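Numbering (mature numbering (1 follows the signal peptide of the UniProt record, and there is no 0)), first residue to last: -22 to -1, 1 to 77. Positions of the beta carbon are idealized from the N, C-alpha and C atoms, including for glycine. All values reported here derive from a predicted model rather than from experimental measurement.
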């Protein structure tokens, strides 16, 4: 439990660092396309995935607990999907991975 809360705090604090690395730092994460995600440094991509999964369609945090282990497996799959479809919305690409 403490591990998940620590991870949420870490994600929240690193959000500013991640958005600074994006192609357009003024664009909210809910509006990112795959090409914006691919513009983020590779080391920050798992942070983007975890934060994007926690947001609902209105850009508000939805879940209090994140699947930390699932993020490490979804990130490479998301990179592959985004390389194939760079114009796809990031949230749609993530939703496709959950199916």
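Distance between residue 75 and residue 17, taken at the CA atoms: about 20 Å. For residue 18, no alpha helix (DSSP H) encloses it, and the DSSP letter there is neither H nor E. Judged by their CB atoms, residue 11 and residue 67 are nearer to each other than the 7 Å cut-off. Ranked by Cα distance from residue 7, the options 26, 19, 52, 45 are led by 26. Where residue 63 is concerned, there is no enclosing alpha helix (DSSP H), because DSSP gives it neither an H nor an E. Shortest Cα-Cα distance from residue 20 to any of 4, 53, 28 involves 53. Residue environment analysis places residue 73 among the exposed positions, since fewer than 16 neighbouring C-beta atoms fall within 10 angstroms of its C-beta.
Around the C-beta of residue 31, 16 or more other C-beta atoms lie within 10 Å, and the residue is accordingly described as buried.
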